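Our numbering puts the last residue of the sequence shown at 993; the count rises by one with no breaks. Positions of the beta carbon are idealized from the N, C-alpha and C atoms, including for glycine. From a predicted model like this one, the values you see are computed outputs, not experimental measurements. Working notes for the structure below.
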Amino acid sequence: MVKGKFNNATLKKSDETLNPLGLYLINNIMLIILVLIHNIYSLIIYIYKLVDYFLKRLQQCFALLIPSKISREVMSVRDGVKSLSKIPQHLAVIVGSEQISYLDFTKLILWCLNAEIPHISFYSSLNEISCHLLYKAVCVQSKDNLLRIKWGESFSDDIKKLAKKGINGYKWQPALQVNVFNSSSGIDCLLKVTRNLCKSHSKSSKIDISDVNKEMKAILCIPDPDLVIVFSNINCTFGFLPWHLRVTEIQRVTTHHNLNIDTFMEALHSYSDREQRFGK
């Protein structure tokens, strides 16, 4: 009995001496496993980034070999205008009863940029054109071109500030001014012209049409449109600023939805073939 008790006590003591060693080994094994898992995870992340880098490089190479639809359209416009005898300095776009397609408006802006048309104006008397939505559409479709666009008087100061922030440090070099007009724009412009003429002319001095034209151009800061494209099923300008249509080439297209480059280039070719006689 004494011997049995001695053996049990000895076993307990041996277990107590082995437990710290066992725990030490287990801790080290777990640490090694964690380090291995971390290294394997890091290796997977590294391989993923490496593959992603090479895939992006391949995409860039293919983009150079196979131009995107936008790139093809840009090249088509640049090549197409070379054969034209003249290019409009101001393109006006009139939308009839259709809902506004800001995606197609953005297409026209980009095409005008690459055709080197310095002014484009959008007008609708039935559906209000949102300057904010137009600006957002341009940002989504072609943010890189913000530094080449000047937003007209109808765009708020907030939009103009956002546009300059979006340039990201690049020098602002506007090549195209974008304007938006509605049915009340003509009335507002005439009111401003009247006020300015009354202030600048004495009671005895006469005011003639040249004074009115000069004041209008000073307020709008744009030339008369050379080319107007009316998107409508009927032949109508829908109250578009009438004094701007003296020598304007007007063309009609049924819709501005899903607009393609061929329609735009046909309008430019038709304008180039016309002789403007300034009402003579």
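Can you look up residue i in the DSSP assignment and give me helix, strand or coil?
{"i": "residue 889", "result": "strand"}
{"i": "residue 779", "result": "Because the pLDDT of residue 779 is 45, which lies under 50, any placement of that residue in the model is unreliable, and the number read from its coordinates should be weighed accordingly. Note: residue 779 maps to coil in three-state DSSP."}
{"i": "residue 940", "result": "strand"}
{"i": "residue 753", "result": "helix"}
{"i": "residue 800", "result": "coil"}
{"i": "residue 863", "result": "strand"}
{"i": "residue 951", "result": "coil"}
{"i": "residue 982", "result": "helix"}
{"i": "residue 851", "result": "helix"}
{"i": "residue 818", "result": "helix"}
{"i": "residue 972", "result": "coil"}
{"i": "residue 919", "result": "coil"}
{"i": "residue 884", "result": "coil"}
{"i": "residue 872", "result": "helix"}
{"i": "residue 791", "result": "helix"}
{"i": "residue 928", "result": "helix"}
{"i": "residue 786", "result": "helix"}
{"i": "residue 913", "result": "helix"}
{"i": "residue 764", "result": "helix"}
{"i": "residue 746", "result": "helix"}
{"i": "residue 987", "result": "coil"}
{"i": "residue 739", "result": "helix"}
{"i": "residue 935", "result": "coil"}
For a quick check, are the C-beta atoms of residue i and residue j less than 8 angstroms apart?
{"i": "residue 851", "j": "residue 819", "result": "yes"}
{"i": "residue 842", "j": "residue 893", "result": "yes"}
{"i": "residue 807", "j": "residue 977", "result": "no"}
{"i": "residue 874", "j": "residue 864", "result": "no"}
{"i": "residue 803", "j": "residue 942", "result": "no"}
{"i": "residue 924", "j": "residue 910", "result": "yes"}
{"i": "residue 838", "j": "residue 896", "result": "yes"}
{"i": "residue 817", "j": "residue 969", "result": "yes"}
{"i": "residue 821", "j": "residue 833", "result": "yes"}
{"i": "residue 944", "j": "residue 811", "result": "yes"}
{"i": "residue 862", "j": "residue 840", "result": "no"}
What residues are listed by DSSP as bridge partners for residue i?
{"i": "residue 805", "result": "834, 941"}
{"i": "residue 965", "result": "943"}
{"i": "residue 894", "result": "836"}
Alpha carbon to alpha carbon, how far is residue i from residue j?
{"i": "residue 845", "j": "residue 972", "result": "21 angstroms"}
{"i": "residue 849", "j": "residue 858", "result": "13 angstroms"}
{"i": "residue 890", "j": "residue 876", "result": "13 angstroms"}
{"i": "residue 769", "j": "residue 854", "result": "20 angstroms"}
{"i": "residue 964", "j": "residue 939", "result": "11 angstroms"}
{"i": "residue 786", "j": "residue 871", "result": "31 angstroms"}
{"i": "residue 739", "j": "residue 767", "result": "42 angstroms"}
{"i": "residue 794", "j": "residue 929", "result": "30 angstroms"}
{"i": "residue 760", "j": "residue 771", "result": "16 angstroms"}
{"i": "residue 913", "j": "residue 927", "result": "13 angstroms"}
{"i": "residue 884", "j": "residue 860", "result": "7 angstroms"}
{"i": "residue 815", "j": "residue 744", "result": "59 angstroms"}
{"i": "residue 797", "j": "residue 985", "result": "6 angstroms"}
{"i": "residue 974", "j": "residue 823", "result": "11 angstroms"}
{"i": "residue 961", "j": "residue 764", "result": "56 angstroms"}
{"i": "residue 752", "j": "residue 758", "result": "10 angstroms"}
{"i": "residue 732", "j": "residue 741", "result": "14 angstroms"}
{"i": "residue 826", "j": "residue 967", "result": "24 angstroms"}
{"i": "residue 792", "j": "residue 979", "result": "14 angstroms"}
{"i": "residue 906", "j": "residue 809", "result": "27 angstroms"}
{"i": "residue 799", "j": "residue 762", "result": "51 angstroms"}
{"i": "residue 780", "j": "residue 801", "result": "Since pLDDT at residue 780 reaches only 49, below the 50 mark, its modelled position is unreliable, and no value is offered."}
{"i": "residue 920", "j": "residue 805", "result": "29 angstroms"}
{"i": "residue 737", "j": "residue 747", "result": "15 angstroms"}
{"i": "residue 754", "j": "residue 828", "result": "52 angstroms"}
{"i": "residue 750", "j": "residue 734", "result": "24 angstroms"}
Would a check of beta-carbon distances place residue i closer than 8 angstroms to chain B?
{"i": "residue 952", "result": "Here there is only one protein chain, and chain B is not present."}
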